[in-house]
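Some notes on the structure that comes next.
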């Protein structure tokens, strides 16, 4: 089959590899119907050395079940399924607590498993991981359903961990797909004021469509000052950080109100950051977040996607074929595209 | 009157100053009945330069109201009161949210206000700050009532911010007065497993009395390994950090379970700390805490102190007179005393 690999920064190739096969009785083989390129795929696209490659790419997909292992009883050939970006058994104490990303039997679609920017994927822990969708779903809904695999659930995780509630004030840092869907999620949870920090007008316009009440294009100290102006000098109760770079963390510290919460879902590209008296401690600010256990949210978010109440699939603004995946990376890297959908 | 000043590291003096007077209509003058030396007073005792001194010391006290300003209607001369270490108006949006330490009209007993290791104190925002106690209270209860001014409320804040609940597992880092009262607070909130990390047997024995189920004397990697051994390799859901030095933070990161909470009340003696994928983000660990808004907890904690259900005053293991306050600092610094009570 054909599958996408990254060889080093800037070098993405689609190549022939052998078809995936059932390796464990808990596996399933899923034929990919839709996959996509993630903002987090751009981190290795910028920095990966040739010594670390090639690695299989892609961790978001919808597909149809082709084959299941002997211990997978709830799925059968032909089922349309969505897969969260982290597989998990969905039965251990961490999964039961809604923290599927810490499942001891879980992991990520990566080297040793295979990527989703491919014709087919082997899914470990398939019974716990895959969520069955209605078989007769309108093809127009596929992009929105695909966001349940990562970006929607990740944006939702940011808002959920910040305990966003009706009437709340929220700042969202970052106008990528996750930031925009953090806006949508904050709106769904009842936030009254949603300030989106981003500087790409087409994206922030989509953010307004999803529920942002204000847009701040400035960054750094100027951006912080603008948010403080908008909030009577106080900042917002919640700040959802969907970038992952240290300046975004610093903007979060600058825009959160005393007693508030910074919720991070942008994968941190730093190890140490300010947490002392002058940043988090003095104003009793809480720092939370992490890789989203999106499996925990799929059943909850699914109905409003199926009935069209929300359309998170609007984050996809370009479609490529699997063979064109390298072009998808290039377009996202150049910010020509917000998020690229990949069809077989 | 006589009052205590720190001139520089290691140099504490009791000297004559003029009596405090009402400066604002919201002030009260309180004659000190009991005060004490705080673990946080030892930070300047170790590091303060002569250029920064002299500064008035002490921020925990019980006293009797001597005089009130014209806007203080709820207190009168002779009332026995307890003062939280941070004064606050108790009416603003932050106070109403239980975050008195962020009150825009609030502040700390320090230079410009005066300290509590003195015969009397001027209390700003007296109506919002001071909590009246029964006038006929048994003198034996005074030490426990005094802990409501800081260390009990601070230990309680650690457990409260970590949302400790019945059945919970908790690690407490630090066997100082705050750590021990964090143990007591976790116990009050229903924690089932309370692991106290500390290496002074007389203190950890008191910790066991307050509710610790396990004591770990080891520090660093060894201490982390011991806590993990005790918890099936997972760590505890909550970690209450009552020290403030970076190695204590690192122990917190090492002993918290995925999805858990690190709640800090030890004043951080560092600015930056690990918060990246390998420390907080990857396991979805929440970092919370800050200076305790003890005013928010006094009414709630008071009944069990008055009826003897809890006796947090056991943290005082030495009593000195005001004139002997410098000896109190020395004894705490040398760890001869856990916490020193100061009588007039």
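Residue numbers (the UniProt record's numbering), protein chains in the order written: chain G, 1 to 344; chain R, 1 to 344. The C-beta atom is built at its ideal place from N, Cα and C for all residues, glycine as well.
- Item | First through last residue of the alpha helix (DSSP H) which encompasses residue 94 of chain G | 93–96
- Item | Chain-ordered chain R contacts of residue 270 of chain G [CB-CB under 9 Å] | 275, 276
- With a cut-off of 8 Å, do at least 3 Cβ pairs link the segment 77–92 of chain G to the segment 60–68 of chain G? yes
- Task: Take every Cβ of the segment 300–312 of chain R, pair it with every Cβ of the segment 278–285 of chain R, and state whether three or more of those distances are shorter than 8 Å.
- Result: no
- Query: Quick one: which chain R residues come within Cβ less than 8 Å of residue 102 of chain G?
  - Reply: 258, 259, 283, 284
- Query: Would you say the segment 199–214 of chain R touches the segment 234–243 of chain R, given that touching needs at least three Cβ pairs under 8 Å?
  - Reply: no
- Message: Report the start-end ranges of each beta strand (DSSP E) in the segment 263–340 of chain G that is 3 residues or longer and not cut off at the edges.
- Response: 272–274, 286–289, 318–321
- Using the beta-carbon of each residue, which ones in chain G are nearer than 8 Å to residue 267 of chain R? 277, 281
- Item | Within 7 Å, strictly: CB atoms of residue 69 of chain G and residue 86 of chain G | no
- Message: Please classify residue 275 of chain R as buried or exposed, where buried requires at least 16 other C-beta atoms within 10 Å of its C-beta.
- Response: buried
- Item | Those residues which DSSP pairs with residue 257 of chain R across a bridge | Paired residue(s): none; residue 257 of chain R is not in a bridge.
- Note the first and the last residue of the continuous alpha helix (DSSP H) segment covering residue 208 of chain G. 201–210
- Query: Is there a Cβ from chain G that is less than 7 Å from the Cβ of residue 290 of chain R?
  - Reply: yes
- Item | Contact list for residue 287 of chain G against chain R, beta-carbon separation under 8 Å | 275, 280, 286, 287, 288
- How do the segment 287–302 of chain G and the segment 143–157 of chain G stand: do at least 3 beta-carbon pairs fall below 8 Å, yes or no? yes
- Message: DSSP has residue 85 of chain R in a bridge; who is on the other side?
- Response: Paired residues: none, contrary to the question.
- Message: For chain G, check one thing: does any of its Cβ atoms lie closer than 7 Å to the Cβ of residue 341 of chain R?
- Response: no
- Query: Would a check of beta-carbon distances place residue 97 of chain R closer than 7 Å to chain G?
  - Reply: yes
- At a cut of 8 Å, does the segment 94–101 of chain G reach the segment 130–145 of chain G through at least three beta carbon pairs? no
- What residue from R/314, R/332, R/342, R/296 has the CA that sits closest to residue 131 of chain R's CA? R/296
- Expressed to the nearest angstrom, what Euclidean distance is found between the alpha-carbon atoms of residue 15 of chain G and residue 39 of chain G? 22 Å
- Message: My parser needs the beta strand (DSSP E) runs of 3 or more residues fully inside the segment 211–253 of chain R; what are they?
- Response: 214–216, 236–241
- Quick one: measure Cβ to Cβ for residue 34 of chain R and residue 61 of chain R, integer angstroms, because I've assumed they're closer than 8 Å. 7 Å
- Task: Please compile the residues from chain G whose C-beta is within a distance smaller than 8 Å of the C-beta of residue 210 of chain R.
- Result: Within 8 Å Cβ-Cβ: nothing; residue 210 of chain R doesn't reach chain G, min ~24 Å.
- Item | DSSP beta-bridge partners of residue 107 of chain G | G/87
- Task: Could you check the C-alpha separation between residue 150 of chain G and residue 84 of chain G for me, to the nearest Å?
- Result: 6 Å
- Task: For residue 190 of chain R, I'd like the list of residues in its chain whose CB is within less than 8 Å of its CB, leaving aside the five on either flank, ordered along the chain.
- Result: 164, 165, 166, 167, 168
- Query: Where does residue 195 of chain G land, buried or exposed, given buried means 16+ other C-beta within 10 angstroms?
  - Reply: buried
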